Each structure stands twice: as C-alpha cells, then as structure tokens.
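Here is the structure we will look at.
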Amino acid sequence: MLLIYCPNCLEYREEEEFSYGGEAHIARPLNPETLSDAQWADYLFFRTNPRGIHHEMWYHATGCRRYFNATRNTVTYEILETYQVGTQPQITGTEA
Amino acid sequence: MKRYSGFSLLKNALSYHENWQKVWRNPTPKKDYDVIIVGGGGHGLATAYYLAKIHGITNVAVVEKGYLGGGNTARNTTIIRSNYLWDEAAQLYELSLKLWEGLSQELNYNVMFSQRGVLNLGHNLQDMRDIERRVNANRLNGIDGEVVTPQRIKEIAPLINISPDSRYPILGASWQPRGGTARHDAVAWGYARGADALGVDMIQQTEVTGIRRKDGAVVGVETSNGFIGARKVACVTAGNSGVVAAMAGLRLPVESRPLQALVSEPIKPCLDTVVMSNAVHGYISQSDKGDLVIGAGVDSYNGYGQRGSFHVVEHTVQAICELFPAFSRVSMNRQWGGIVDTCPDACPIISKTSVDGLYFNCGWGTGGFKATPGSGYVFADTVANDRPHPLAEAFNLDRFNTGALIDEHGAAGVAH
Amino acid sequence: MRQLNRLLAAGRTDQNKVLNFTFNGKDYQGVAGDTLASALLANGIDVVGRSFKYARPRGIFGHGPEEPNAIMQIGSGASTIPNLKATQVELYEGLEAASVNGWPSVNFDIMGLIGAFGRLMPPGFYYKTFMYPKKLWMTYEHFIRKAAGLGSSPVESDPDSYEKLNQHCDVLVVGAGPAGLVAAREAARTGARVIIADEQSEFGGSLLASTQLIDGLSATQWVADITKELGAFSNVQRLPRSTVFGYYDHNFLAILERRTDHLGISAPSGPRQCMHRVRAAQVVLATGAFERPLVFAHNDIPGVMLASSVSTYVNRYGVAPGNRLVLAVTNDNAYQTAIDWYHTGRTVVAVVDSRTAPNGVLVEQVRALGIQILEGHGLIEAVGSKRVRKALVAPINEAGSEVTGSVQSLVCDLIASSGGWSAAIHLSSHTGAKPVWDASVVSFRPGESKQQERSAGACKGTFGVLDGLIEGANAGAEAAKLAGFGEGQVQFPTPLIDQIIEQPQQALFLVPHSKTTSRAPSQFVDFQLDVSAAGIELAVLEGFESVEHVKRYTALGFGTDQGKLGNINGMAILAKALGQGIAETGTTIFRPSYTPTTFGAIAGRDINHLFDPERYTAMHRWHVDSGAEFENVGQWKRPWYFPQVNETMQQAVDREGLAVRNSVGILDATTLGKIDIQGPDAAEFITRMYTNSYLKLAPGKCRYGVMLKEDGMIFDDGVCACLSENHYLMFTTTGGAAGVLSWLELWQQTEWPELQVYFTSVTDHWATATVTGPNARKVIAKVCQDIDLASESFGFMDWREGTVSGVAARVFRISFTGELSYEVNVPAHYGRYIWEQLIEAGAEFNITPYGTETMHVLRAEKGFIIVGQDTDGSMTPADMNMDWVVGKNKAFSFIGKRSLERSDSVRENRKQLVGLKTLDPSAVLPEGAQVVNDPNQPIPMSMQGHVTSSYYSASLGHSIALAVIKGGLSRMGDTIHCPAADGSSIAAEIVSSVFYDPTGARQND
C-alpha cells in the first residue's frame, strides 16, 4: 500500500485517501475538430505505460481534493517526487 | 510423443517411473523460423500448437524470457465462462469454451476442466436488468445460461448468504452450467507438450530485447541469446505488451495494472461452483485440493510489480465474508499479484500491425485465462493467413480510431 | 489418563495447573503452558493426522509454524477453527481438537489402503489419466474432491468480531528472540516509538528452550528481565501472539494479533483478533530460522522429528516424546539434542553423523557422556508403521551421495534429525529482495534491502546466539538512527554468553539409500502434500527444470506450512538432479501470508451493515413508518414503493402513478446529487462540461443537460439552475454525484486552471420533496405564500426562492413525471418537517407518496431516459434521440464533442432509443429482453437491440417499453419480437419513445 506525499497538504498520507488519475502531462488538444480520428484516438486512448519512471496524476479525494502529479517507478512502486499540476517533474527518463 | 493413459501410468509404475519421456525438448534455437512467438504463456503456446496442428506451420519457436506458463497463466484464478454480453466477445469466448470441452483429449493431457458452473450475482435492480439482458443475448447466441433465483443460488452454493437483510442482498444471478475452472499450469504444459511433439521449439530463459525490421517488415528478434530470424513475429506477452510493442516502434492502447488473488488453506469441499459478484466485488471457487481461490479487483494504478495494495485485498475479503459469512474463520494461506494489460473497452486486441509480419495478441485484461484455447486458435489463423480470423476481426487495433469499441465494462458483470 | 511422557522438570509449564482437553473425542490432560502438540506428546499420542495424497499416518514433527502434520480442527459449531497447527495452539481448559483427515479414524484410515498404490500416483499423475472416456471426468473429479481439504469451514456465521488498528512507529522489530529483544532495547532507549511483535505466546524465541546461561542467568530469566525492561519504556509496544504476516510497499506491514484464541470458553467478549496495520519508518527483521530435517526413507513415520523440536519439548514443555532416541545430524549444533535427551534419563541410542571425525565442543560433550557416535554414517531409513521401531543406518561416502557399507539396525522409538538451519527470509522476500545462497552457512540469506529494513540474527544466516545478540543490538541502533533517533551507537553492553565454537557442517539434504531414489522407500520432502525426493527427480526426468515448474508439478511448498520445512531440501534435491548448484537453481519468491491469516481479521469491521455505508434522507424514518419497501441506489436507501395493506407491488405502483396523473403525488428526491458551482467563469466551465450551453441562462432559470465522457458517450444528466450571477446549482443522478464532482474538479484543476470556478457538494445540505400532478400548484399554494405560483410568473424550468411552511426554500419547476411539478428544497434538517407539512397540505387532494418504481413508470411514459438503465456507456445523445440537447454551434469544443464525429459515432444502424408497444396490450416485456426481427430464425439469432425499460402503465391502460434498436428511429411501425427463455415470443411495434402528453402541455401548465 502506497504512502503518498501530498504537495498541497504537505503530508504523507495513506493511499486509501487518494485516487489514481492516469498518466500526467497529456494536454487536451486545443482544436479537437481539426484532428484526424487517429490523432484524436491517440489523445483518448494511447498511453506510454512504461516499465519504470511514470508521471501520473493522483487526486487527494478525502483530503484537499486537489489533483497533483507524481513520478513513480512502476516496477518498484517507489514514488520519487510529487509536484503541482502545471509544473514539470524534476526526475525524468525511463529507468529508475 | 508417447501417449499418456492409465495403462502408461501402470507400465511406468512397474519400472519405478524411470522411463518417462520428457514433456518437451530443450532445443538450441535455429537460425531462423517461419514464425517466432514471443511469450510462452498459455496464449502463446496455444498459438504455437494450432499453427502446427491446423495450419501445418511447424518451423516455429516460442521464445520465453522465464519459464513456460510463468506469467499470468500461473497467477490467475482459473475461471472459465463464455457468457459475455456483446456478440463479438461472446462468440470468441464461446469458441474457447467449446475447445476447452475437448481439450484434455485433444492434448492427451488432463487440464482438469471442471464444468461446475458459474454464478454471476445480481445485488440491485440494475444488476438484474443487466443479467437478464446478458442471459437473453447469450441464449440467442447459442450460449447456455439462465437467470436463477436466490433460492436456486442457495441450492447451488449452500453456504452463501441470501438474506434480504444483507447490505447488498442477492436478488438473483446468471447461471452458466458449462462454465467452471481448469488447472492453469496443465493448460500451458499440455499445449507446450503438444506443440513440441509437432516440432515447435520451446526456447526458455531467453528474453526478446528487440524486434528487427527491414523495409517495414519484420525479419526477426534480438534476444538475450542473440538474434533469431523469422518471417513472422507474433507477440503474446500479457503484462508486458506495451514494452514489447515499443520495440517495434508501436504504441498500444493498453495500461498494465496489478491484479491480485489469494487462496485459503485447503478446507473440505463446501463450494462446488464458481461465484462472482460485480457489485460487492469478489469472486471465489474451490480447487480440487480444497483451497478457496479468490480474486480481487484490479489495482487502480499502473504497475509491473506483480503485487498490489493491501486494502484491495481487504476489500475483496470483506466481499467474500459478505457472500459467505461462514468463511470468516477460514484463513488466507497465500496472496499474489499478476500484471494485466487492460484495454479501454475491456476487450482484447488480436491484430495485424502497421509492420508487415508483426502481430499482436494482448489487452485481455482480467479475461485472459478462459480465452486461452480460442485466443490461440484465432491468432494462429490470423498469423498463418496474414488476415484476421473472422472472430478476431472486431478486435482490431483500428477500433480505437473509429470508436467501434466492444464495451464489456459493467454490462458483463465482473470481466474476469 | 497418565501423561507417560511428562518429565519432572516442567520447563515453562506449570504442572500444578492441569487442563482437560479432548482429542478425537477422547479425554486427555495437559498442563498450563502446554501447546496442544506438547500435551499430545505428553500423552503418548503418535498418530495425529493423515497425509493428503497417500493418507499415510503422521505424527507431530516440529514445534512451530513449520509443522506439516499436526493440523487440527479446534472447537465445534459456529466457533470452530479449521487447520490450526497443534504446535501453535495454546492449551486451555476444555479445548476440543480433532484430526482433519482419516476415516473411520486417524489410527485406521480406509484411505490408507490407497497409500499402498502410491506408486501409481507419482507427481502429475492426474494430468496423465482420467481423460477417457471424456464424459467421465466430472465423475472422476467428484471422487478426487472427496479427498480434498484439511479441516472444515464452519457453516454458520462467525460469532466473533475482529478489530483493526492503524499504527505508526519509528522502529518495528519483528521477532522477540535474542536478536529482536536487544534490537528493541537499543531502539527504545533512543526515544523512538518501537513496536516489537512475536508470534509466540511469550517473548524469547529460541531462548525459551535454551539451556545456555546469559549474563549468568538462565536464558529464560534473561528473557523475562529484558522483556520487563522493555515494558518500562513508555515508547515501546510489546505484541506477543502477534504474527507479522505480510510486508507490503512503502514499509507497510500487517500484524495479526490473536487476542482470545488461547483463552477458550473463558475468553472475554471483544475482538477475537486484531489486525495492526503498521506504517513503520524502519524495520528490524529478527525472525529466526527453521531447522531442516534430513530426508531419508520413510522419514514420515510418527516418531521422526526435528532435533530442535525434541529439545524444545524437553526443555520448554517438560515432555519427552519417546524413550530411545536416534539422532541424525550433519552439524555440531544438533548434538545439543543428545545432551538434552540424556538429561531426561532416557536413552540416546546413537548419534548418526554424516561427517567423518567430528570433534566440535558439543560433539566432545556428547562423547564424554558415553553416547555412541556413528561417524560418516547416514540414517537411511526409518522402520515402523504408526510409530518408529528401528532406524537403519549405514556408512556413506564423504560426498553423502551413496551408501558404502553394510546396513545396521538400531532399535528406537524416536528419530530426530538436523540438516542445519534455514534463515527465515520470508518477510524480506515479500519486499522483492532476492535471497542469496550462502554455502558457508548452508542457507539462503536475505537479499539486498528493497525497503527500509535490515535483518539481524538467525534470519540473516547468523546462527550463533552471541553473534545474533551483537547483530541485533546494532540493527536496533541503526534503525533508530535512520528514523531520526540516537547516533546509531549501541549503548548496552553485549550480554555475556558462552560462544560455542562449531566445526563446519556438511551440506547434506537427502541421505542416500542402498537403492536408488526412484526405487527406495519414499523419502519425503514436503510431508503435507506427500512430495518425495523421487517425485522431484521424476519432475526433472520429465523435463521440468525451472524451480517454479518443479514446485508446481510436485506441489512442493504449497501446503499450509508454505514450505518452511521442506522447500530448501526440495531445492537442493532439484539442484542435484539438474547437476548444478543451489545458487543457480534459485529460490522461489515467498508471498504473504507468513502463516495463514484469518479472513475475518482481514475483513475487520467492514462487513454486514458496515460493508458499505448506508445513506438515508431526512425523511427516511417517515418512509419506514409508512411501510415503504426500499431500493438500494448507490449507497442510498430510497423508497421503492409504498404498499398499502394487501397490495401487491404492481397494485401499489398503479395506485401511486394514477394519483400523480389525476391529482398529486409526492416523491423524496433528496438523493439526487447537488453541486454548488460559483465563480466568474462558472457559466463557461459548465458549458464546456455539458453538451448544451449555459452562457445565457438567466438567474431564476433551469436547464436540462447531458454530460459526456471524452469518448462521446453519455455519462450523467440532470438539471442545472442559475441561482444568481456566477452562481449555479448542478443536479446529478443519485449514483453519479461523487463521480461528477471529481470529473469537474479534474478538468478545472488539470486542464483549465485559468477558469475561476469553485465546486462544493451540497447533496447532504438539502432535502427535496417533489410535489407533482395536476393539483400540485394547489398544494404548494397552501404552504407557500411568498412565491407567485402563476404559470406566467413562475413557469416551467424556472426556480424561485421563497418560504414553505415558514422554512426558507428553493422551489424548482422541473418535472420528471411530465406533470406540473414543484421540487421543494429546504435545508436538510427541515426535510421531515416540510415533508409532513406537504403531506398535510395535500391531504384534501389525497396526496400520495410514491417511490422509485412509480417514478420510473411515469418518466418512461414521457420517454425520459435514466442514465445507466437506458444507456450503458456506449450511447451518444443522438442514439438517445436527444440531438436537441447538443449545442453544435458552441464556441468551445465541449467534452466529448469530437468523439461524436468519429466514423463509428456517425455510422448508420447505430442502436437508437425508441418506444415499444406490445401487440398484446397486457403483455409486459421483460427488461433486458433481446429484440429480433424474425422470431423463427435459428440460433444464433441476429439481435437488433434490447429492452431497457418496461412497465405496465396504469394511466395508459397498456404496457410500455423503451428499447435501443439498430436504426430504430427509421423503423417506426415495424413489428419486432422478443424471444423468451421458454421458447415463446412477444411481438411489439416500434413507436415513439414518448407515450404520454407528447406536446408537454401538462408539465408546462
């Protein structure tokens, strides 16, 4: 069970307080109507799903009710950082 | 291949079991093959078997990074049923169920397919509407099933709690008598033995690290033990599909998540069917050894760790104690996780790709084990003929572009 | 009955406190401090169980969680517990124990005859047979299942409760043996919060059976002192009878504390067991080690035990489980058992040592006692049926691979063996650390730490007590430091204890037999599942080379002892068969649970009515008092219908519906989700979320909207009202409320943070009573004077603020029935009051409370959809014939819009919502019925869609149904068929989905 640092509450809290929000940094296309079906599908359904470093959204559902981002290793489950929506991760790459 | 039978058992017993044949060879890889199957799980082995058996393509290697059947084949809760809602899924799973029904004899390997029936419980009025809808659809598709009352459920599973005072009382269920369970390891071993006998090479402890292409077509795979050439490469690597796809520069609409399961200590037989519940979220059967085999829900986050979070297990056990209050004093012996590749519509991808000679079979989510024979059958046909098998057509990759999804979420009950 | 094996030296038991118990229905006596196992041994009980496959008689083999044979059913009735190990059951007055296998009795088991055919049942035999004829498999399986299982599940509900405790600590010490105790003490003195947990009834671990002196005290006195010392720290929590059974991510560990199991009928009321869910900053694993038995022929006969178990029964429990001991060893350590046995006054027949010329300290002590030592010998076979009678020993070669001389027979009734010790690396392995084989200690050691943990003492492969004490103290100090306490320096002096210098042990696992393994009598590796050395070799012969394959093929390690006794022996035998070392062969990954964990404790309190919270409206009690039947909708309990005396559901629904259509009805609509939305960009935001526009919605006005997911499929619907400028109230479906709020927050926070808009769930703040029907206005007029109810000033889809029966209220003129409707919203705590006021005001119009079923009928008559019933996640607004709700010209591409243009979304022949009118007006189509064009088409039939909603409409006098049908909107007037399970079929005509008042005159009134 994960222990997650909420960057808004500034506390470590139990995973049960959070819900997972999927891959982070996927911007909604500004002009969806100009996209082909394939481009739109890419936005809708296709995710990087890496084995290793993953930037993902979490939602502090029973806490501050804020979404934030986390950099987590999908193999070890280690959370390397959490950071605010709209900011960039410090840790990037694919391998832990 | 020396056939197995009661007689062969007796004969070998007299010679102290010193003369049994190997179940499969342990060959050195050839320089190249007609088809390389990446992934030696149940689906990959079934694909290899049907390629050889039905399509006569025997110059085939199954390349497995660990040991045969060591991934999700070894980690699932062995439930088999075909009562899916949508025509496309139902027909595929029903093909699979029909193959299960003759599989032990086909393979001369007892996969212990036990048709003890599957109950999918309904706990509220909408559950019951969905169950009616699904059972009606199944029936008109030629798939057995009926809607049963709580009293009938109690006859089938006497320890179940049908009290109307439960938090989510059982209002009814769908009942598929032909559903059941099978011995998971035996399926992998049976297919491997059968494929080996037809000339397929099992290359274990060899990890595929790259997919070599030339002029937009596949030419072979890089492995931890060197390059192996192939005219066609068929990837069946549940739990790792995205990683393998990336080797060919492809992306897949799959996310890999932990799916947990657990077993109790062996107890005397007291549950002679499979019980699944979507609303309270748990499913349970009892193995021939006596273990209660229990499945949990998929963890919410992506993970390749073959383990999930404890609260998911807690919730599952709560659900089981709701359904079977008597099991509260039984103990959990072991818990574990698998990695499931989930698609947005909870249906698989069985598809050609934009790379010539490269095929993918993935995204089975929690429904993979039951599909093993059918999946291998249609995938072998797809690979052999370089066009989708009619039952695989709907499961193409293009459906995510067009929007023609086959949404089995919710409507099919627990999608396991 | 006399306890013939009870010694005068009582060990840790109190022989003055006699406890009565029964085993397999017979009365016995034990003493306080006994386990069930020690009591059975004291009474000379040999056979306690039967093996799983061959039904061979089995006796007590170990003294802890490694016990494979003594599996018991404890107690009876609803509180019976299956599968407890007798070695872990503390004896209490009145305990009832029974063997889990053996019929008619464990001493004479008819199934034992099958054991005679054991050769016909090698590993995997069932894969090779029972296949023909095909149809007989279920019959074969029926008989196979008869032999399944150990104990029995209760059949009644569990009378006990279970508790959970969420805890944080700085240092969690697992195991209170020598290393754990000193680790805890070092951590405690730094001020760190320490939890120390141990599975046994008292702290001390191996020291409880030790004869060594520590600091000049007996080991047990030293344990008592340090345990007391730990108790004096206010920052230390001591948890005996507490098993750390799982080590999960981010240093989360789960502990099962057994509170009352050892008290029997004297147990106080209260939780039986408590699950501690611990988040530890640092962990010290001090879980000890398991002794490995030697594998030899017929090593499963009762009277064969682990050497350390014999010592434990003698020293800790004052029980000598036999008279004439033969001890088979590969190491110095186990010689202690010969010494212990010698001091009971019973006979040590011989020590059989596989090594040539052993001369360690303990060896010499044994020699000095005049005990015969057979050097370079192996104990190759035990002889006996229900108790050992003889041990066959023979010289073996130095490699331990073959018998080199003649066999001699030693008369004995007890064989103890030791093949060395295996570190208990289970918890470290749970974290994903890969164990490392260390040939120097003939054991795996824990792999590189994956979490904030370290191992100390025997579980790290450090088997000497002194070394374990040093390692434990260091580990405790280090853990505390890393948790932020102390400097990492050990403070307490190292306890004084004689270090016994041991000569090297021999890595011997399978003792050779005169015959080859395949022909020798069974040499058991995993007792519970009858896995033998020959079985492992056979698996290799058949080509199973991976350790996982062999485990799965033979079932090695799959018993309830989880391979604690046999796994390493099995792997060593496998490695040898493969001609490679143990390190290359690898190990299997241990998974939780360390020992079996009660489901009830895992579930805790969250069962029965706490399984999921029940939500009630403020009017709930009134509904209950009025005899309502309830429906679960999400977590809510909603009145389903209000039957009057002797009324069927259909009669009640007919009556309720007619009341609404002809006079007035009242519905508790409190459960609809309500989200208060404010901010200068609220209208823009809402417009992006719904398919239609809210930019021009004026204060006082309401609008119905549909929300899509980004894939274009309907996800929720409801009315949104403009309360004032920049202030809106959004209604959601009852079940969708939480999901919609998260959805709004997702988009605002992650995609459009520049939009100033704020959301608050106010579902629980308001109670809502819907007054609906042609007399609704008259009812409201009686209780509300400050709102002009005239249609021209308070029209359909308007809302007004006012006072209802003296309570400030929001009144919405929105309608889900198609009738003139007022939804009266008041602060929740006035809910019941307003409800009763409205009932009273409506009395003269026979105002009729109605439930969700009538609500469904009334809305279906109007063709209003219910999201989740008429839609299923694959329906667009166009599919629902609701193109009118899609603002195609909105400036912003609202959520889901682009997906509505995908090729599949605009394809012909999509399923579309239509009405169905059965040709027989009284026939009600089943909801979920599939629709076909030709009822006589052979199976598989071409299904055109299905019935989503279906009712008998009392006000229309015929049945009505909604269905989604391929191309349905262009098939008006067609006849379709719904085949039923019994072969019959109901024919119906495709009609408009609006059955009642198509112009909307009544709701607009």
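Chains as they are written, first to last, in our numbering: chain A, 225 to 320; chain B, 106 to 521; chain C, 360 to 1364. Quick reminder that beta carbons are idealized off the backbone N, C-alpha and C, glycines included. Keep in mind it's a predicted model, so treat the numbers as computed, not measured.
**OP:** Classify GLY1359 (chain C) as helix, strand or coil using the three-state DSSP reduction.
**Re:** coil
Subject >> Chain-ordered neighbours of LYS1256 (chain C) on chain A, where CB pairs are closer than 9 angstroms >> reply: PRO256 and GLU257
Original post:
Around the C-beta of ALA499 (chain B), are 16 or more other C-beta atoms found within 10 angstroms, so that it is buried, or is it exposed?
Top reply: buried
Subject >> Beta carbon proximity, TYR267 (chain A) to chain B, threshold 8 angstroms >> reply: no
Subject >> Whole-angstrom distance between TRP1125 (chain C) and GLY1094 (chain C), CA atom to CA atom >> reply: 17 angstroms
**OP:** List in chain order: all unbroken alpha helix (DSSP H) runs of 4+ residues lying wholly within the stretch 1000-1053 of chain C.
**Re:** 1008-1021 and 1041-1048
Original post:
Is there a Cβ from chain A that is less than 8 angstroms from the Cβ of GLN1144 (chain C)?
Top reply: no
Subject >> Three-state secondary structure assigned by DSSP to SER433 (chain B) >> reply: helix
Original post:
Cα-Cα, which of B:ASN345, B:ILE162, B:LEU150 and B:ARG288 is closest to ARG362 (chain B)?
Top reply: B:ASN345
Original post:
By how many angstroms is the C-alpha of GLY536 (chain C) removed from the C-alpha of PHE420 (chain C)?
Top reply: 22 angstroms
Original post:
Where does ASP290 (chain B) sit, in a helix, a strand or coil, going by DSSP?
Top reply: helix
Subject >> Of the residues C:SER1281, C:PRO1186 and C:PRO1297, the one placed nearest SER1314 (chain C), counting alpha carbons only >> reply: C:SER1281
Subject >> Proximity test, Cβ basis, 8 angstroms: GLY175 (chain B) and chain C >> reply: yes
Subject >> Reference VAL642 (chain C); option with closest CA among C:THR570, C:THR579, C:GLY389 and C:ARG552 >> reply: C:ARG552
Original post:
Out of curiosity, what's the CA-to-CA distance linking GLN47 (chain B) and GLU904 (chain C)?
Top reply: No answer is possible for residue 47 (chain B): the residues shown for chain B start at 106 and end at 521.
Original post:
Taking one C-beta from the stretch 553-562 of chain C and one from the stretch 660-671 of chain C each time, how about it: are there three or more such pairs within less than 8 angstroms?
Top reply: no
Original post:
Taking 8 angstroms as the CB-CB limit, is ASP1231 (chain C) close to chain A?
Top reply: no
Original post:
What are the residues that DSSP puts in a beta bridge with LYS1270 (chain C)?
Top reply: C:LYS1325
Subject >> Inter-residue spacing [alpha-carbon to alpha-carbon] between GLN596 (chain C) and ALA839 (chain C) >> reply: 15 angstroms
Subject >> Positions along the stretch 913-924 of chain C whose CB lies within less than 9 angstroms of some CB in chain B >> reply: ALA914, PHE917, GLY918, THR919 and GLN921
Original post:
Between the stretch 368-375 of chain B and the stretch 389-405 of chain B, do at least 3 Cβ pairs fall closer than 8 angstroms?
Top reply: yes
**OP:** Report the residue from B:GLY387, B:GLU169 and B:SER382 whose alpha carbon sits nearest the alpha carbon of SER279 (chain B).
**Re:** B:SER382
Subject >> Rounded straight-line distance, which links the Cα of MET497 (chain C) to that of ILE248 (chain B) >> reply: 20 angstroms
Original post:
Hey, PRO871 (chain C) and ILE755 (chain C) are a contact pair by Cβ (cut 8 angstroms); roughly how many whole angstroms apart?
Top reply: 6 angstroms
Original post:
What residues of chain C sit near GLY310 (chain A), judged by a beta carbon separation below 7 angstroms?
Top reply: PRO1112
Original post:
Is the stretch 925-944 of chain C in contact with the stretch 878-886 of chain C, if contact means three or more CB pairs nearer than 8 angstroms?
Top reply: yes
**OP:** Give the residues of chain C in contact with ALA262 (chain A), contact being defined as C-beta atoms less than 9 angstroms apart.
**Re:** Those within 9 angstroms of ALA262 (chain A) in chain C number zero; the least Cβ separation is about 10 angstroms.
**OP:** Could you name the residues of the stretch 268-290 of chain A whose beta carbon sits closer than 8 angstroms to any beta carbon of chain C, in the order they occur along the chain?
**Re:** LEU268, MET281, TYR283, ALA285, ARG289 and ARG290
Subject >> Integer Cβ distance of GLU280 (chain A) from GLY245 (chain A), believed to fall under 8 angstroms >> reply: 7 angstroms
Original post:
Quick one: does HIS122 (chain B) have its CB under 8 angstroms from some CB of chain C?
Top reply: yes
Original post:
Hey, is TYR229 (chain A)'s beta-carbon within less than 8 angstroms of any beta-carbon in chain C?
Top reply: no
Subject >> Secondary structure of ASN501 (chain B), DSSP reduced to three states >> reply: coil
Original post:
Between the C-alpha atoms of GLN362 (chain C) and THR381 (chain C), what's the straight-line distance to the nearest angstrom?
Top reply: 14 angstroms
Original post:
Below 8 angstroms between beta carbons: does that hold for PRO1299 (chain C) and SER1344 (chain C)?
Top reply: no
**OP:** Check whether the Cβ of ASN225 (chain B) lies closer than 8 angstroms to any Cβ atom in chain A.
**Re:** no
Subject >> Spatially closest choice to SER187 (chain B) from B:GLY175, B:ASN181 and B:GLY222, by CA coordinates >> reply: B:GLY222
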